[in-house]
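Just so you know, UniProt numbering puts 288 at position 288 of the sequence shown, and the rest follows in order with no gaps.
Glycine included, every Cβ here is placed at the ideal spot set by N, Cα and C.
What you are looking at is a predicted structure, and each value in this text was computed from that prediction instead of being measured.
In what follows, a structure is listed as structure tokens, so that the remarks can point back to it.
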Amino acid sequence: MKVDDGVNELRSELVAYIEKYTGEDGTHTTRIPDLQLIRSSEKTERIHSIHEPALCIVAQGKKVMMLGNETYLYDPTSYLVVSLQLPVSGQVLEASSERPYLCLRLNFDKQRIFDLVKQSVKSSQKTSDSQRALFISKMNRILIDAVVRLIRLLDTPEDIPVMAPLITQEILYRILKEEQGQSMKQFAMIGSHAERIAKVVQMIEGEYNQPLQIASLSAAVNMSPSSLHHHFKEITAMSPLQYQKQVRLQEARRILLTEAVEAADAGFQVGYESPSQFNREYARMFGMPPMRDIKRLRDSLGFVVN
Numbered sequence: 001m002k003v004d005d006g007v008n009e010l011r012s013e014l015v016a017y018i019e020k021y022t023g024e025d026g027t028h029t030t031r032i033p034d035l036q037l038i039r040s041s042e043k044t045e046r047i048h049s050i051h052e053p054a055l056c057i058v059a060q061g062k063k064v065m066m067l068g069n070e071t072y073l074y075d076p077t078s079y080l081v082v083s084l085q086l087p088v089s090g091q092v093l094e095a096s097s098e099r100p101y102l103c104l105r106l107n108f109d110k111q112r113i114f115d116l117v118k119q120s121v122k123s124s125q126k127t128s129d130s131q132r133a134l135f136i137s138k139m140n141r142i143l144i145d146a147v148v149r150l151i152r153l154l155d156t157p158e159d160i161p162v163m164a165p166l167i168t169q170e171i172l173y174r175i176l177k178e179e180q181g182q183s184m185k186q187f188a189m190i191g192s193h194a195e196r197i198a199k200v201v202q203m204i205e206g207e208y209n210q211p212l213q214i215a216s217l218s219a220a221v222n223m224s225p226s227s228l229h230h231h232f233k234e235i236t237a238m239s240p241l242q243y244q245k246q247v248r249l250q251e252a253r254r255i256l257l258t259e260a261v262e263a264a265d266a267g268f269q270v271g272y273e274s275p276s277q278f279n280r281e282y283a284r285m286f287g288m289p290p291m292r293d294i295k296r297l298r299d300s301l302g303f304v305v306n
């Protein structure tokens, strides 16, 4: 079909641009604000991170994203959108030196989404249903055309200040118009359950090393504890306590990797009072006890702590 042919041609152009502006493995910033290009010539182990709101498009290769107990597989026939900062893990499944994994990531500015939703969504379209803040949709020609027009600007950097914001806005608009666009719209609707859950997420991340007080969080966003728990899980695929645990453990891993501290000290810094509990939960998440995991990471990365 002509549409499929058009998508394939645009995808080939996207591959060429990512190869041109990366050159070597890693995550590369560009002259276009919020646009990153990612390249890997080999499969990766499972990498944990706090994923900020973004559009991710795999131009070549295949990747899997894990959120809670859910698995999201995406490749060049689809695109992934993260609508709220979420603790996730990802793994490149298909990559080689001949055909490297190539990905484009466009980070979202929350205010821009809010302004766009305010302009284009009627109040009658509001819904009380909460939707998962991560979704995968089938790639379409209209969206990839806009993405390719954005990356072409790297060839004419003088056009970036004027054209990049306009094309980025178009990309956001195209995503919002899709059936699953509600996953993004919900956070821009003042008073919605999703908007309140987003505030709860910010509070948890701001005080992740403190005991979790569901009653206080509920009162702060004017929700009952049961309602908060229900909508939090609908949006993030995990409970508030599970969310806090993932944030704590990821931060502890960062501390252990970059600072010369003992495991118990890192656990204490992120809020654990029991070293045995910290070691147990760390091993459950990362596959081995803290110091063994960090030694393996440092050896594989050639990492030296001063």
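Beta-carbon gap between residue i and residue j smaller than 9 Å
i    : j    : result
I167 : V81  : no
H41  : S78  : It is Ser, not His, that sits at residue 41 in the sequence shown. Not closer than 9 Å, so no.
P87  : Q250 : yes
M223 : H193 : yes
I32  : A164 : yes
L35  : L104 : yes
A188 : V247 : no
Y17  : V148 : yes
E45  : Q91  : yes
R11  : I144 : yes
S183 : Q131 : yes
L55  : I136 : no
Limits of the unbroken beta strand (DSSP E) element including residue i
i   : result
A59 : 54–60
Cα-Cα separation between residue i and residue j, rounded to whole angstroms
i    : j    : result
K2   : I204 : Low per-residue confidence applies at K2: pLDDT is 45, beneath 50, and the placement is therefore not dependable, though the value from the model is reported in the following sentence. Taking the straight line joining both Cα atoms gives about 48 Å.
L217 : L134 : 23 Å
V200 : L37  : 31 Å
E24  : A266 : 33 Å
T30  : S274 : 43 Å
S123 : S300 : Residue confidence for S123 is low, a pLDDT of 45 falling below 50, so the modelled location carries little weight; the figure read from the coordinates is stated next. Each residue's alpha carbon lies about 52 Å from the other.
D293 : Q119 : 48 Å
P290 : F108 : 33 Å
K20  : L67  : 32 Å
E234 : L241 : 14 Å
T71  : H51  : 15 Å
R280 : K63  : 28 Å
K185 : G26  : 32 Å
M139 : R152 : 19 Å
V221 : L93  : 40 Å
I57  : H28  : 15 Å
G271 : H231 : 25 Å
R284 : G6   : 45 Å
Start and end residues, alpha helix (DSSP H) containing residue i
i    : result
L153 : Careful: L153 lies outside any alpha helix (DSSP H) and carries neither H nor E.
R174 : 160–177
S183 : 182–185
Cross-strand partners of residue i (DSSP beta bridge)
i    : result
K138 : S78
N107 : A54
L143 : Partner(s): none; L143 has no beta bridge.
L116 : DSSP lists no partner for L116.
L102 : R39, Q60
Legend entry - 3-residue-minimum beta strand (DSSP E) runs that sit fully inside the region 14–99, ordered along the chain: Here the runs fully enclosed are 26–29, 35–40, 47–51, 54–60, 62–67, 70–74, 78–82, 86–94.
Legend entry - 4-residue-minimum alpha helix (DSSP H) runs that sit fully inside the UniProt domain "HTH araC/xylS-type" (198–296), ordered along the chain: Note on the UniProt domain "HTH araC/xylS-type" (198–296): whole alpha helix (DSSP H) runs with a minimum of 4 residues are 214–220, 225–236, 240–258, 263–269, 275–286, in chain order.
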